[in-house]
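First comes the structure, then the notes that go with it.
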RNA sequence: AUUGCAGGCCGCUUUGUCGCCUUUAACCGCAUUUUGGUGCGGUGCGGGAGGAAAGUCCGGACAAUACAGAGCACCGCGCCACCUAACGGGUGGGGUUUCGUUUCGGCGGAGCACAGAGCGUGUCACAGAAAAUUACCGCCUCGCUUCGGUGAGGUAAGGGUGAAAACGUGCGGUAAGAGCGCACGGCGCCGCAUAGUAAUAUGGGGGGCGGAUAAACCUCGCGGAUUGAAAUGCCAUGUACACCUUGCGGAACUUCGGUUCCCGCCUGUUGCUCGCGGGUGCUGCAAGGGGGGUAGGCAGCGCAGAAUCCCGCAGUGAUGCGUGGAUCCAGAUAAAUGACAAAGCCCUUGGGAACAAGGGACAGAAUCCGGCUUACAGGCCUGCAAUUUUU
RNA sequence: UGGUUCAUAGCUCAACGGUGGAGCAACGGGCUGUUAACCCGAAGGCUACAGGUUCGAACCCUGUUGAACCAG
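In the working numbering, the protein residues as written are 8 to 145.
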């Protein structure tokens, strides 16, 4: 339940490029994390087997050393690992997989508790957002 | 004991819970099967960042491609000897600059891109007469003179300028002067002797007096093929025989397959010139351009080797040698090595104390080694020097 | 991984090895009933940092720091 497997990590360069381009995906804030997400397109091959693929990013502009960026990414990833099951439970079957980008935007390093709170908030908003997309599609 | 300097070493520890990457193959399940196995998943047993992993400043290993050769260009290095796989690194020695000290002989510390300015060219602001064969004020000789000077010539001692002024001091000498001559001293050049492997040092001889700058061009000596693990090899996947540009001559021999020579074009040889080599010369080939597709896997890749430590031997030392002893399984690929909790350790602040609060340096492997440079809380060890206390 | 370029006033840029300057901005004064424009004036720099070469360094050399870019 708390596992974090390789197929749950976002690796496709095309999808990552789409996430970073303007208007590529829906985005909102769960401070200190900014969330960008979209559904995988139908034509993508091979289609991932997990419900969500996620990547974590920390900008070099705010964190100069590699050690600091590693630390931030590990904190966010750990918070995601501990709470992702809440999101999985709310995604209905038959939906395309969700590509997710968690970008750390605070200027300084924060404690795990603060990051965890932000990620929990983001997961709740995201579940809401996916539900709305469902209504709009139907 | 404290302080300073130099060198070397370490660079948070333990437990629990939840995770990540990986070696191995004991066990389990599924698939496949050439019945040996193989692949995937799970469990188990192990391992999981550094002294700088960093900067990418040098040098190699390794790999691919290339290589008859010559000249010019280009790049790097530069006291001597040694060490090393190699180096722009290291060790030892010499010279030099500077600081301290001195009983003025030296001694000690720190630094040095430390070949050549006696081939040539360039530059040397301002000031100054003049910045490299120069003469403003001076000094001296001769001519003229209205006796104020003025013209021709000699000279570089004195003056002032400057970062730097054409060896320094004294004597002789002279019209005045000048290394013009002599004595002492300085400098670098040529060859000699002694010491040293050598750089170099010391001594005496000859001939001389030359501005600085080569981190200006340059000269001399030595070295340099190019490209770098996204190299490279293999497997899988997949597209486009589309498009554009250029080229498509001549002669001889012939067993009609071709061969040779000249010529043209393209191309390789780090750049250029020569030279040499490869391809091509007809209805589809060649060379180049541009465009499109693939974006997965395996090897390379951590294999015990230029490995590290100890001991012994050789050497002043770097280092080398050894049937000597011991140690050494990180291997990711949108990229693992983590999070939380508790206890301990250390530091700071407050406090009489118990204790409380806050903090734990610099920093993250990506083919691998040897160096250099830079960042770094705190601690340990060794040596030397100084001071204080005790015996 | 390999390579190239750059750093000068608040901003954009100059400056043979010889006193660091221009435009804009900001400041003070003038003009105007007021503002803008215009005119006058003054200020602002350890030339990214640390060494070295040179009589003298923004410039030459070495090292460091930061930034931008290129190739596959």
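By construction, the Cβ of each residue, glycine as well, lies at the ideal position given by its N, Cα and C atoms.
- In this structure, the CA atom of residue 62 is about 13 Å from the CA atom of residue 77.
- The three-state reading of DSSP puts residue 97 in helix, counting H, G and I together.
- With a cutoff of 8 Å on beta-carbon distance, residue 59 and residue 89 are scored as not near each other.
- Residue 79 is not a Cβ neighbour of residue 38, given a cutoff of 8 Å.
- Taken atom to atom, the span from the alpha-carbon of residue 114 to that of residue 83 is near 15 Å.
- Annotated three-state conformation of residue 73 is helix, per DSSP.
- Residue nearest to residue 138 within the set 108, 99 and 33 is 99 (criterion: CA-CA distance).
- Under the 10 Å beta carbon count, residue 91 is surrounded by 16 or more other beta carbons and is classified as buried.
- Residue pairing by DSSP places residue 16 opposite 61 in a beta bridge.
- Taking the Cα of residue 108 as reference, the smallest distance to any Cα among 132, 130, 42 and 123 is reached at 42.
- Here residue 70 is buried: its Cβ has 16 or more other Cβ atoms, across all protein chains shown, within 10 Å.
- For residue 111, the enclosing beta strand (DSSP E) begins and ends at 105-111.
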